[in-house]
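>
Residue numbers (the UniProt record's numbering): 1 to 158.
1) Please determine, among 38, 37, 39 and 62, the residue with the shortest C-alpha to C-alpha distance to residue 49.
2) Per DSSP, which one or two residues make a beta bridge with residue 100?
3) Tell me which residues share the same chain as residue 41 and place their Cβ nearer than 6 Å to its Cβ, disregarding the 5 neighbours each side in the sequence.
4) How about residue 132: is its C-beta nearer than 8 Å to some C-beta of chain B?
5) Quick test of your reading: residue 146 and residue 77, contact by CB under 8 Å. State the CB separation rounded to the nearest angstrom.
6) Measure the beta-carbon distance from residue 39 to residue 26 and round it to whole angstroms, keeping in mind my assumption that it falls under 8 Å.
7) Take residue 121 as the anchor and find which of 91, 108, 69 and 131 has the nearest alpha-carbon.
8) The alpha helix (DSSP H) with residue 51 in it runs from where to where?
9) Would you call the CB atoms of residue 136 and residue 130 closer than 8 Å?
10) Identify the residues that DSSP records as bridge partners of residue 137: which are they?
11) Considering residue 76, what are the terminal residues of the beta strand (DSSP E) in which it resides?
12) Short check: CB of residue 88 to CB of residue 100, under 8 Å?
13) Could you check whether residue 90 and residue 139 sit closer than 8 Å to each other, using their CB atoms as the reference points?
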């Protein structure tokens, strides 16, 4: 291997919750380099979650973290060619990839919802995911089912 692996750049924690995970989420959500807009959307969504939540022992940020962990996949299938045939091989996912996959799914399925603003869509998807429902959680369940169905090929793992 000639090239080095890229160095992980440290993320600045976000201004409101002082949390690096929030910054990572906002960076994923951002379009056209408009970080302030992305932060506003995220904070508005968190405020909506704060209003709509029905249990008082959890903060809106904790609900968001629960939603994220409910969306996180533990296994995924990867394509591998073995003697002219392509097999879907179930593999464990690295911890940082789990988080980024969960974020991407949460954001993309929020965008596909049909509420008025992005903040409302995101809030609705967060609340659904926290309750183990919604499109993002369904995606995780489907991914796990696919891995389970292809368990017979796991001996091709590299």
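Even glycine gets a Cβ: it sits at the ideal position worked out from N, Cα and C.
Checking against the coordinates, here is how it stands:
1) Comparing Cα positions, the closest option is 62.
2) Per DSSP, residue 100 has no beta-bridge partner at all.
3) So the list reads 118 and 119, once near-sequence residues are dropped.
4) Annotation note: the requested chain B is absent from the structure, which comprises a single protein chain.
5) With a Cβ gap of about 5 Å, residue 146 and residue 77 count as contacting.
6) Contact between residue 39 and residue 26 is confirmed by a C-beta separation of about 5 Å, below the 8 Å threshold.
7) When only C-alpha atoms are compared, the closest one is 108.
8) Element bounds for residue 51: 35 to 52.
9) Not closer than 8 Å, so no.
10) Answer is none; residue 137 lacks a bridge partner.
11) In the DSSP assignment, residue 76 falls within the beta strand (DSSP E) that extends over 75 to 82.
12) Not a contact, by the Cβ cut-off of 8 Å.
13) The answer is no: Cβ separation not under 8 Å.
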